[in-house]
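Chemist: Could you have a look at this structure, given as structure tokens, before my questions?
There are 2 protein chains.
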Amino acid sequence: MANGRHIVTTRTPTPADLPAAQTAFRALVDRGLKLDLTRGKPAADQLDLSNDLLGFPGRATFSDAAGTDLRNYGGPAGLPELRALFAPFLQVPADRLLALGNSSLTVMHDTVVHALLSEIPGAKRRWVEEQADTGIAFLCPVPGYDRHFSICERFGIDMIPVPMTPDGPDMDVVERLAASEPRIKGIWCVPKYSNPDGAVYSDATVRRLAEMPTAAPDFRIFWDNAYAVHHLTEEEVEIADILAECEAAGHADRAFVFGSTSKVTFASAGVAFFGSSRANVEWLQSKLAKSTIGPDKVNQLRHVIFLRDGDGLRALMARHRALLAPKFEAVDRILTERLGASGEGPGEWTNPKGGYFISLRVPEGCAARVVALAKEAGIALTPAGATHPYGQDPEDRTIRLAPTFATLADVEAAVDGVATCVQLAAAEKAV
Amino acid sequence: MANGRHIVTTRTPTPADLPAAQTAFRALVDRGLKLDLTRGKPAADQLDLSNDLLGFPGRATFSDAAGTDLRNYGGPAGLPELRALFAPFLQVPADRLLALGNSSLTVMHDTVVHALLSEIPGAKRRWVEEQADTGIAFLCPVPGYDRHFSICERFGIDMIPVPMTPDGPDMDVVERLAASEPRIKGIWCVPKYSNPDGAVYSDATVRRLAEMPTAAPDFRIFWDNAYAVHHLTEEEVEIADILAECEAAGHADRAFVFGSTSKVTFASAGVAFFGSSRANVEWLQSKLAKSTIGPDKVNQLRHVIFLRDGDGLRALMARHRALLAPKFEAVDRILTERLGASGEGPGEWTNPKGGYFISLRVPEGCAARVVALAKEAGIALTPAGATHPYGQDPEDRTIRLAPTFATLADVEAAVDGVATCVQLAAAEKAV
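In the order they appear, the protein sequences are chains V and P. Each residue of the first sequence is one higher than the one before, counting from 214 in this note's numbering. Each residue of the second sequence is one higher than the one before, counting from 214 in this note's numbering.
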């Protein structure tokens, strides 16, 4: 990629690199790019994979296997066939897996709402009362998912950052904090191909989460298994079964499991899932019964007809992978070409086996500057700090790259431009 | 209908009528009916009217008029074309009408949740704080909709019954209460073809609701216009424009308008709407932004293609009416034949021009007995008291009849059976 417009700095820049970095950046700006790596959205060619859904279930098809008319009210737990299809992938027994609306984010949000406004199993009082008294808090592995943090911020739930490792959150920290204060009520987890690191929780991490003593009797793991089937390599990475581990540890009610088809079929017209212990499922159902007379079961039927079974789901995800893997490979290749191997020069990045994101770490104090430079060059990146509670990355180092939505050519151009911005920001910092 | 099994009592029963009434009831039980008039669900032949939806939008159709890909995240306000289509029917300007998920009940529930957990425009503090301090309450016109009452009960919001009249809630009572206490935060209204009376709010009622002084600066009218287009006669009954009246009265933020296609297309796979003042809409959108990345816009597109425009919607509702009007007429005819004209004998019932329900008033202290007798005879009725807060009808007089879901023949058999039960309960009471 080294040519008249580009420089290659496979080592940490020094003040001497500044003039060349500035020249390269000016050339980048002159290209007048308009590119976007901000959000983890599927691309149009991925959505095309599910276009059969647009004609399903078909004019004469509106019953489930039991003969229930799915066009009418009812069926609050969702379509049995769809629950059975997703149960093994989400590691939840089908009879404790609910198929709900079009957004797992909504289910997570609403679960927090219901815990605030009514006692969850094991709670001594409603979280809203505890909040008025001592405040309540969630543990937030960082870097993490900004929309999880937004739910906490919206409801005034304090956020306590916990460092991520390649095996999941630093469990020494998690165990110490969870045991210390009853006001710590939960932890946000994306256990497989985490957002944004792509980390996969090790079996030991899962077991320690299940087994650890918590000061709060109503502590909950919000297990957002958003990328359960979203593999980028031939390896279908598996994680330990959180519900089984919690049950074995005598903490059957500890985990809430969430999932969805948002990045399987259509991002706004899919199906969300909730799974947990019998007591938790009954608790949530009793609350949902006051707000709905049943989910959109016709859309659930559409999904059953389209996906057919576990093999159908696997085959679809393989087609997603064929479209996505080249984009992720391009990010790694171009960053390596322009910045040296990960961790060698001014950049360090993840090379995930699945999921939707790459986490790029730049020299301390440079992330916001890189994002600002990229913006000047017409490349939209997720705001620096978005991966941390309150948008505050204390080291100002983490940038989330989302290469799925743009075309391969745009991803290549954008990442090449990001590398130029990293070089300039690092050279400026070295001065 | 008078035959060997039936008696006709077109006057209030006396003790002398008891033996015949008992004989008639035993004959009814012997028929071994299994009928259900409990819920306001559309019947299968009504759902069939919208079966084209099951194949829409079709394999190659997934964009709105502006070219937005509706399969992806985004579009939190909903599909512009669908909002424009429903705007005149719900009397909300399209730019202040949101098209959301599959249930207006959910939107009502969530609006209460957000008012509990964050200040609504005009509020001095969150309702949850006011609740911990003085308690909060809603005015509940009775008889009314049990699912409205369930939302209040679930969140510990006190319910204050207000009598219904044929013109809407008794406004002398509403005005006195609303002006009296700042803890009274809202009123539930089904302004057109009310559940279960079928009452239509008069223009004067709407204007007084809009104009009345309220002790609470954050008082809200929950305007559940569930039956906006659900006419049972040739007359398309119109009501005054609550948002315009509120604005004219200087209370622009007073009303939340709700609606849905649940009884237009599919009861579980339709679209819900929310409309209000600019400030209220922005408030709700800012809250929804934390819980969703957009509604199911593909389903909204399906509805636009299917309904086409206002005339398409009117034509569909005319086909519903052709199926429903005979059922409502049968209830009125059979009750008249068996009990005398409404109010003359032991029964008094409504003859609504639209909506989904008929309200049957029986002699004081008889409603629960009638429902129990009907159950014994295999006829499921909505529990007596369900039309009142906490399930408590102090006079024990109101029974909600829901004739839409059953076939015409079943409606006829069920209502004839109900008349027998009314006669027996009234004769027992006379003893």
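Positions of the beta carbon are idealized from the N, C-alpha and C atoms, including for glycine. All values reported here derive from a predicted model rather than from experimental measurement.
In the structure shown, what three-state DSSP assignment does M425/P receive?
Modeler: It is coil, neither helix nor strand.
Chemist: Roughly how many whole angstroms lie between the Cα atoms of K503/P and A290/P?
Modeler: Straight-line Cα distance between these residues: approximately 14 Å.
Chemist: Name the chain P residues whose beta carbon is nearer than 8 Å to that of K510/V?
Modeler: Under the 8 Å cutoff, chain P gives S481 and A482.
Chemist: Straight-line CA distance for A429/V to R396/V?
Modeler: A429/V and R396/V: Cα-Cα distance of roughly 7 Å.
Chemist: P379/P: which of G411/P, L390/P, G348/P and I400/P sits nearest, CA to CA?
Modeler: Comparing Cα-Cα distances from P379/P to each of G411/P, L390/P, G348/P and I400/P, the minimum goes to G411/P.
Chemist: CB-CB under 7 Å to P426/V, same chain, minus the five flanking residues each way: which ones, in chain order?
Modeler: The residues are A392.
Chemist: Can you confirm whether V628/V, when its beta carbon is compared against all beta carbons of chain P, has any partner nearer than 9 Å?
Modeler: It does not: the Cβ of V628/V has no partner Cβ on chain P nearer than 9 Å.
Chemist: Using a Cβ cut-off of 9 Å, pull out every chain V residue sitting near H322/P, in sequence order please.
Modeler: Near H322/P (Cβ distances below 9 Å), the residues of chain V are K503, S504 and T505.
Chemist: Would you say E342/V lies against chain P (beta-carbon separation less than 9 Å)?
Modeler: So, interface residue.
Chemist: Compare the C-beta of K500/V with all C-beta atoms of chain P and state if any pair is closer than 9 Å.
Modeler: So yes, K500/V belongs to the interface.
Chemist: State the CB to CB distance for the pair S316/P and I506/V, rounded to an integer number of angstroms; the pair is presumed to be in contact (CB under 8 Å).
Modeler: Correct: roughly 7 Å between the Cβ atoms.
Chemist: Helix, strand or coil, according to DSSP, for R296/V in the structure here?
Modeler: Here R296/V sits in helix by DSSP.
Chemist: With distance defined between alpha-carbon atoms, name the residue in K540/V, C402/V, G523/V and R309/V nearest to I571/V.
Modeler: Among K540/V, C402/V, G523/V and R309/V, the Cα nearest to that of I571/V is on K540/V.
Chemist: From what residue to what residue does the alpha helix (DSSP H) around T611/V run?
Modeler: Careful: T611/V lies outside any alpha helix (DSSP H), inside the beta strand (DSSP E) at T611 to L614.
Chemist: At which residue ranges does the region 283-359 of chain P contain complete alpha helix (DSSP H) runs of 4 or more residues, listed in the order of the chain?
Modeler: Fully enclosed alpha helix (DSSP H) runs of 4 or longer: 293-303, 317-330 and 340-346.
Chemist: Between the Cα of W340/V and those of D431/V, G280/V and L501/V, spot the shortest distance and give me the residue it belongs to.
Modeler: The residue with the shortest Cα to Cα distance from W340/V is D431/V.
Chemist: Applying the criterion that 16 or more other CB atoms from any shown protein chain within 10 Å of the CB defines a buried residue, is V494/P buried or exposed?
Modeler: That one is buried.
Chemist: What is the DSSP secondary structure of L231/V, reduced to helix, strand or coil?
Modeler: Here L231/V sits in helix by DSSP.
Chemist: For chain V, find out if any of its Cβ atoms is closer than 9 Å to the Cβ of P270/P; answer yes or no.
Modeler: For P270/P, the answer is yes, since a Cβ of chain V falls inside 9 Å of its Cβ.
Chemist: Mind checking whether L548/V and F302/V have CB atoms under 9 Å apart?
Modeler: No, Cβ-Cβ distance for L548/V and F302/V is not below 9 Å.
Chemist: Closer than 9 Å, Cβ to Cβ, to anything on chain V: give me those residues from the region 528-559 of chain P, in chain order.
Modeler: Correct list: empty, as no residue qualifies.
Chemist: Please tell me whether R421/V and V387/V are closer than 9 Å, where the distance is taken between their beta carbons.
Modeler: In this structure, V387/V lies closer than 9 Å to R421/V by Cβ.
Chemist: In or out: R433/V buried (at least 16 other Cβ within 10 Å) or exposed?
Modeler: By the 10 Å Cβ count, R433/V comes out buried.
Chemist: Thinking just about the alpha-carbon of each residue, which of A619/P, I349/P, D258/P and T274/P is nearest to the one in A257/V?
Modeler: With distances taken between Cα atoms, A257/V lies closest to T274/P.
Chemist: Leaving out the 5 sequence neighbours to the left and right, which residues in its chain are closer than 6 Å to G288/P when beta-carbon positions are compared?
Modeler: Around G288/P: G507 and K510.
Chemist: Contact defined as beta carbons within less than 8 Å: I believe V242/P pairs with E625/P. What is the distance between those atoms, to the nearest angstrom?
Modeler: Their Cβ separation, rounded to whole angstroms, is 18 Å, which puts V242/P and E625/P out of contact at 8 Å.
Chemist: Note down, in chain order, every chain V residue with its Cβ under 7 Å from the Cβ of S363/P.
Modeler: Result: K503.
Chemist: Which partner residues does R433/V have in the DSSP bridge list?
Modeler: The partner list for R433/V (beta bridge, DSSP) reads G399/V.
Chemist: Counting only beta-carbon atoms, is A257/P nearer than 9 Å to chain V?
Modeler: Yes, A257/P lies at the interface with chain V (some Cβ there is under 9 Å from its Cβ).
Chemist: Any Cβ of chain V within less than 9 Å of the Cβ of K648/P?
Modeler: The question about residue 648/P has no answer, for chain P in this structure spans 214 to 644.
Chemist: As a quick exercise: from D466/P, A278/P, D454/P and Y603/P, pick the residue whose alpha carbon is nearest that of R296/P.
Modeler: Answer by Cα proximity: A278/P.
Chemist: Can you look up F487/P in the DSSP assignment and give me helix, strand or coil?
Modeler: Reduced to three states, the DSSP call for F487/P is strand.
Chemist: Could you tell me the alpha carbon to alpha carbon distance between P334/V and Y414/P, rounded to whole angstroms?
Modeler: P334/V and Y414/P: Cα-Cα distance of roughly 44 Å.
Chemist: Using the DSSP secondary-structure output, state which residues sit across from S180/V in a beta bridge.
Modeler: No statement about residue 180/V is possible, as the shown extent of chain V runs from 214 to 644 and does not include it.
Chemist: Given this structure, state the Cα-to-Cα distance separating R532/P from K405/P, to the nearest angstrom.
Modeler: Straight-line Cα distance between these residues: approximately 19 Å.
Chemist: N438/P versus chain V: which residues are under 8 Å apart at the beta carbon?
Modeler: None at all; the shortest Cβ gap to chain V is about 18 Å.
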